[in-house]
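Colleague: Can you read through this structure? Questions will come right after.
Numbering (the working numbering), first residue to last: 3 to 72.
Structure below.
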């Protein structure tokens, strides 16, 4: 089952880093203003969401690694 655009937009609002969240939302508004298709918009938002979450995981891993004392 494919995700709807509204579902992807809701996920974007759950990105923990407020800077990344606002950047993704601004980029989405830019695409809306340029009249891109919903499918194009949805696919790009999903990619940006996954990238933001991967950055979050990478930063958490780095913090854990630094705190291990090794």
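A virtual CB, placed ideally from N, CA and C, is assigned to each residue, including glycine.
Predicted model, so just to flag it, every value in this text is computed and none were measured.
Taking 8 Å as the threshold, find out whether the segment 8–22 comes into contact with the segment 46–58 through three or more Cβ pairs.
Modeller: Yes, since at least three Cβ pairs between the segment 8–22 and the segment 46–58 fall closer than 8 Å, the two stretches touch.
Colleague: Output the distance between the C-alpha atoms of residue 7 and residue 55, rounded to the nearest integer angstrom.
Modeller: Whole-angstrom Cα-Cα distance: 18 Å.
Colleague: Would residue 14 and residue 31 be called neighbours here (beta carbons separated by less than 8 Å)?
Modeller: Going by C-beta atoms, residue 14 is not nearer than 8 Å to residue 31.
Colleague: Could you pull out every residue in the same chain whose Cβ sits closer than 6 Å to the Cβ of residue 44, ignoring the five residues on either side in sequence?
Modeller: These residues qualify, in order along the chain: 7, 10.
Colleague: Taking 8 Å as the threshold (C-beta atoms), are residue 18 and residue 58 in contact?
Modeller: Going by C-beta atoms, residue 58 is nearer than 8 Å to residue 18.
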